[in-house]
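In this note's numbering, the protein residues as written are 91 to 175.
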């Protein structure tokens with residue numbers, strides 16, 4: 091089964107966070123502590139997530155809701171969040 095990532099979702103899509111992987115991140119320095127940063131803002135395995143908004147250029151940035159929290163993040167960050175539908 092191929093992994094799905096938060097960056098693959100479109101506006102109003104729902105999913106569940108299943109893990110993190112910075113392997114798709116091209117910026118090594120940025121990827122170094124990406125999982126820790128995502129955990130700090132509320133991304134936890136098992137939580138439901140909904141895409142609320144996508145930016146007009148390259149769908150970047152995007153706004154997502156986790157529980158009652160709305161978070162804006164770049165596609166580069168969303169590339170590290172593994173999801174299931």
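Think of the CB as a built atom: it goes at the ideal place given N, C-alpha and C, for glycine as much as any other residue.
- request: Compute the beta-carbon to beta-carbon distance between residue 142 and residue 131, rounded to the nearest angstrom, for a pair I have assumed lies under 8 Å.
  value: Incorrect: roughly 15 Å between the Cβ atoms, too far for contact.
Reference residue 163; option with closest CA among 171, 172, 151 and 99: 151
query: Near residue 115, what residues of its chain come up, given a Cβ to Cβ distance below 7 Å and the 5 sequence neighbours on each side ignored?
result: 121, 124, 166, 169 and 170, listed in sequence order.
- prompt: Is the distance from the Cβ of residue 112 to the Cβ of residue 139 below 8 Å?
  reply: Contact: no.
- request: Please classify residue 110: does DSSP put it in a helix, a strand, or coil?
  value: strand
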